[in-house]
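First to last, the protein sequences are chains A and W. With the numbering used here, the residue at position 166 of the first sequence is 167, and numbering never jumps. With the numbering used here, the residue at position 10 of the second sequence is 11, and numbering never jumps. Reviewing the structure listed below.
2 protein chains.
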Amino acid sequence: MHYNKGMTFLEQLELTIQDHNSLLCIGLDTDVAKIPQHLQLEQDSVYLFNKAIIDATSELVCAYKINIAFYSAYGEYGLNSLLQTVSYIKDTYEHIPVILDAKRGDIRETSEKYANEAFDVIGADAVTVNPYMGFDSVEPFLKRRNKGVIFLARTSNPGALDFEELLIEGTPLYSKVTQKVAEWHKEYKNCLLVVGATAPKQLEEIRKIAPDMVFLIPGIGAQGGDLGATLKAGLRADKAGLLINSSRSIIYASNEGDFAQKAMEKAQELRDQINTFRI
Amino acid sequence: MHYNKGMTFLEQLELTIQDHNSLLCIGLDTDVAKIPQHLQLEQDSVYLFNKAIIDATSELVCAYKINIAFYSAYGEYGLNSLLQTVSYIKDTYEHIPVILDAKRGDIRETSEKYANEAFDVIGADAVTVNPYMGFDSVEPFLKRRNKGVIFLARTSNPGALDFEELLIEGTPLYSKVTQKVAEWHKEYKNCLLVVGATAPKQLEEIRKIAPDMVFLIPGIGAQGGDLGATLKAGLRADKAGLLINSSRSIIYASNEGDFAQKAMEKAQELRDQINTFRI
Numbered sequence: 002m003h004y005n006k007g008m009t010f011l012e013q014l015e016l017t018i019q020d021h022n023s024l025l026c027i028g029l030d031t032d033v034a035k036i037p038q039h040l041q042l043e044q045d046s047v048y049l050f051n052k053a054i055i056d057a058t059s060e061l062v063c064a065y066k067i068n069i070a071f072y073s074a075y076g077e078y079g080l081n082s083l084l085q086t087v088s089y090i091k092d093t094y095e096h097i098p099v100i101l102d103a104k105r106g107d108i109r110e111t112s113e114k115y116a117n118e119a120f121d122v123i124g125a126d127a128v129t130v131n132p133y134m135g136f137d138s139v140e141p142f143l144k145r146r147n148k149g150v151i152f153l154a155r156t157s158n159p160g161a162l163d164f165e166e167l168l169i170e171g172t173p174l175y176s177k178v179t180q181k182v183a184e185w186h187k188e189y190k191n192c193l194l195v196v197g198a199t200a201p202k203q204l205e206e207i208r209k210i211a212p213d214m215v216f217l218i219p220g221i222g223a224q225g226g227d228l229g230a231t232l233k234a235g236l237r238a239d240k241a242g243l244l245i246n247s248s249r250s251i252i253y254a255s256n257e258g259d260f261a262q263k264a265m266e267k268a269q270e271l272r273d274q275i276n277t278f279r280i
Numbered sequence: 002m003h004y005n006k007g008m009t010f011l012e013q014l015e016l017t018i019q020d021h022n023s024l025l026c027i028g029l030d031t032d033v034a035k036i037p038q039h040l041q042l043e044q045d046s047v048y049l050f051n052k053a054i055i056d057a058t059s060e061l062v063c064a065y066k067i068n069i070a071f072y073s074a075y076g077e078y079g080l081n082s083l084l085q086t087v088s089y090i091k092d093t094y095e096h097i098p099v100i101l102d103a104k105r106g107d108i109r110e111t112s113e114k115y116a117n118e119a120f121d122v123i124g125a126d127a128v129t130v131n132p133y134m135g136f137d138s139v140e141p142f143l144k145r146r147n148k149g150v151i152f153l154a155r156t157s158n159p160g161a162l163d164f165e166e167l168l169i170e171g172t173p174l175y176s177k178v179t180q181k182v183a184e185w186h187k188e189y190k191n192c193l194l195v196v197g198a199t200a201p202k203q204l205e206e207i208r209k210i211a212p213d214m215v216f217l218i219p220g221i222g223a224q225g226g227d228l229g230a231t232l233k234a235g236l237r238a239d240k241a242g243l244l245i246n247s248s249r250s251i252i253y254a255s256n257e258g259d260f261a262q263k264a265m266e267k268a269q270e271l272r273d274q275i276n277t278f279r280i
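Below you can see the structure in the form of structure tokens.
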């Protein structure tokens, strides 16, 4: 099967997972203060950095994830870097899906505008959303059926204990969210879940509730999640169904002129390491 | 007491509430498709619309709230309208606080970037945040102690029933959020809560948990919340402690050349109506 523009996000993702034999998603959370100094002097430094990372890793990933906060923190300049980066991927590697990590959500009329931001202005293929405000706050995203809608379930950060783990008649909130999102997925066929690699037991529970869904997994690498435990707990029966995200440990693998080469080596290492658990 | 730049958001807000004898917050959720046609022809139409509304209503409000989604939906153009609008308020009516309604939240490192977006790029005095991911996801906002951090507790939309109302040993999630935020407020002194006008019973409960905090109340007007019931349930002992937000029913009061005048009349009417419950 080949990529065509009529594919949904999930179809495009499954295709790229197969073609690249990869569950690796690279997070382009590029901070201008952390890129090599020789690039910092350039006008389009963030975009040039991203372009080099993308060119070096395009055959190793199943998706790129871009966290909008790293761009919005620099106003118009940041927005331009973001738009340039997404356009570059679309123009050069159009088969690779782009996830906008934005964790959006608001009342219906406002979420319509956020859907415009993610899909029409930025041109992402999928977006992360926050479930707190419930169905009407995410429906405008769900209705874009060819796009992916990725719900926070059990996140990778320490604060996940504050609310996500609260028990509702013995069932944690993140499981309640999973149950609801699994229902919505039956109807809309475009939902995914965020489950942190720092909580493999919870990941196992979530996999039981949603055996067929795809999960986006942050928390490997800089956040300390265990890869083996994560894959054991989270892989679908077909040895796929996961997007393992890594940002900092790949894109900042080197701070020198060889940064793209080193990022490629790190990406290849992680992709291959992931695949040893998929046999 | 007069306004000075050293004031915290909450001090500035309390001062404006007193000076303007108003709990009214106007939401500048400006949609270019809904503004009068004669303005749509102008290059800076959204900014010019906002400027006219602000000039007409500045003495009637205690704050302006700007929902970033309405601007982000138009990319660079929207970002410019937003920045122009905030600058205009800061240059012309610097005593009136500006709330950025953005419902942000992510892991700590990323929320740092979102705090940059809200406070440094846009220059807001307060921002709304989503509590789902817990403490470290909001700490970067809390640490900006002169800024306000406004947490979603019980929102005004139908989807609030999906998760916010789930019971944890008899206590709804929104109350658990309120308890936690009230603790954080003791430490940081800069927290507020979002409580929808569509749920006066829940508002009453939340007021009991947080008797001294300030609540931002959406849901009056277009969303159908009852003003009397809301004020009865939510006013603090000092007859303040609430920001009653209204957007569409004020800013789109007329679609003609008299839109600013009509917005002023609607704002005055609502401010005065609110005040009849504060005696």
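Note that beta-carbon positions come from the ideal geometry of N, C-alpha and C, so glycine has one too. Quantities reported herein were computed from a predicted structural model and do not represent experimental measurements.
| task | Give the DSSP bridge partners of residue 99 of chain W, in chain order. | result | W:65
| Are the Cβ atoms of residue 70 of chain A and residue 115 of chain W separated by less than 9 Å? | yes
| field | Runs of beta strand (DSSP E) lying entirely within the region 203-244 of chain W, each at least 3 residues, in chain order | value | 215-218
| query | Looking at the unbroken alpha helix (DSSP H) that takes in residue 155 of chain A, where does it start and where does it end? | reply | Here residue 155 of chain A belongs to no alpha helix (DSSP H); instead the beta strand (DSSP E) covers 149-155.
| query | With C-beta atoms as the reference, is residue 134 of chain A less than 9 Å away from residue 170 of chain W? | reply | Taking 9 Å as the Cβ cut-off, residue 134 of chain A and residue 170 of chain W do not qualify as a contacting pair.
| the region 57-75 of chain W in contact with the region 96-114 of chain W per 3-pair CB rule at 8 Å | yes
| said: Let me see if you follow: with CB-CB separation under 9 Å, is residue 169 of chain W close to chain A or not? | reply: Residue 169 of chain W counts as touching chain A.
| Range covered by the beta strand (DSSP E) that runs through residue 28 of chain A | 25-28
| query | Going by beta carbon distance, what residues of the same chain come within less than 6 Å of residue 254 of chain W, once the five residues before and after it are set aside? | reply | Excluding residues up to 5 positions away in sequence, 263, 264, 267 lie with their Cβ nearer than 6 Å to the Cβ of residue 254 of chain W in the same chain.
| message | For residue 204 of chain W and residue 132 of chain W, I'd like the C-alpha separation in whole angstroms. | response | Between residue 204 of chain W and residue 132 of chain W, the alpha-carbon positions lie close to 18 Å from each other.
| query | CA-CA distance, residue 186 of chain A and residue 22 of chain W? | reply | Going from the Cα of residue 186 of chain A to the Cα of residue 22 of chain W covers about 49 Å.
| query | Do we get a CB-CB distance below 9 Å when we pair residue 112 of chain A with the residues of chain W? | reply | yes
| query | Going straight from the alpha carbon of residue 153 of chain A to that of residue 107 of chain W, what length do you get? | reply | 10 Å
| field | Cβ neighbour criterion (16 or more within 10 Å) applied to residue 280 of chain W | value | exposed
| task | Could you name the residues of the region 130-161 of chain W whose beta carbon sits closer than 9 Å to any beta carbon of chain A, in the order they occur along the chain? | result | So the list reads 131, 132, 133, 134, 135, 136, 137, 138, 139, 140, 153, 156, 157, 158, 159, 160, 161, given in the order they occur along the chain.
| field | residue 15 of chain W versus residue 46 of chain W - alpha carbon distance | value | 32 Å
| said: Residues in the same chain with beta-carbon distance under 8 Å from residue 90 of chain W, minus the five sequence neighbours each way, listed in chain order, please. | reply: 55, 65, 97, 99
| message | Less than 7 Å between C-beta atoms, sequence neighbours within five positions excluded: which residues of the same chain meet that for residue 245 of chain A? | response | 24, 25, 26, 218, 221, 275
| field | Minimum length 3: unbroken beta strand (DSSP E) runs contained in the region 78-132 of chain A | value | 99-105, 127-130
| query | Is the Cβ of residue 201 of chain W closer than 9 Å to any Cβ of chain A? | reply | no
| request: Would you kindly check if the distance between the Cβ of residue 10 of chain A and the Cβ of residue 127 of chain A is under 9 Å? | output: The answer is yes: Cβ separation under 9 Å.
| request: Return yes when the Cβ of residue 237 of chain W is within less than 9 Å of the Cβ of residue 259 of chain W, no when it is not. | output: no
| task | Starting from residue 16 of chain A, trace the alpha helix (DSSP H) both ways and give me its first and last residue. | result | 10-20
| query | Using DSSP with H/G/I as helix, E/B as strand and the rest coil, what is residue 37 of chain W? | reply | The answer is coil: DSSP assigns residue 37 of chain W none of H, G, I, E or B.
| residue 5 of chain A (DSSP reduced to helix, strand or coil) | coil
| field | Selected residue, minimal CA-CA separation from residue 202 of chain A, among A:277, A:175, A:34, A:28 | value | Taking the Cα of residue 202 of chain A as reference, the smallest distance to any Cα among A:277, A:175, A:34, A:28 is reached at A:175.
| Per DSSP, which one or two residues make a beta bridge with residue 195 of chain W? | W:153, W:217
| Could you give the residue range of the alpha helix (DSSP H) that holds residue 181 of chain A? | Taken as a continuous stretch (DSSP letters only), the alpha helix (DSSP H) holding residue 181 of chain A covers 174-189.
| task | In the DSSP assignment, find the unbroken alpha helix (DSSP H) run with residue 307 of chain W in it and report its ends. | result | Since the first residue shown for chain W is 2 and the last is 280, residue 307 of chain W is missing from the structure and cannot be characterised.
| Cβ neighbours of residue 272 of chain A in the same chain (closer than 6 Å, five flanking residues each side left out) | 23, 25, 61
| said: For residue 226 of chain A and residue 129 of chain A, what's the separation of their Cα atoms in angstroms? | reply: Rounded to whole angstroms, the gap between the alpha carbons of residue 226 of chain A and residue 129 of chain A is 20 Å.
| task | With 8 Å as the C-beta to C-beta threshold (strictly closer), list the residues of the region 173-201 of chain W near chain A in chain order. | result | Hits within the stretch, in order: 174, 177, 178, 181.
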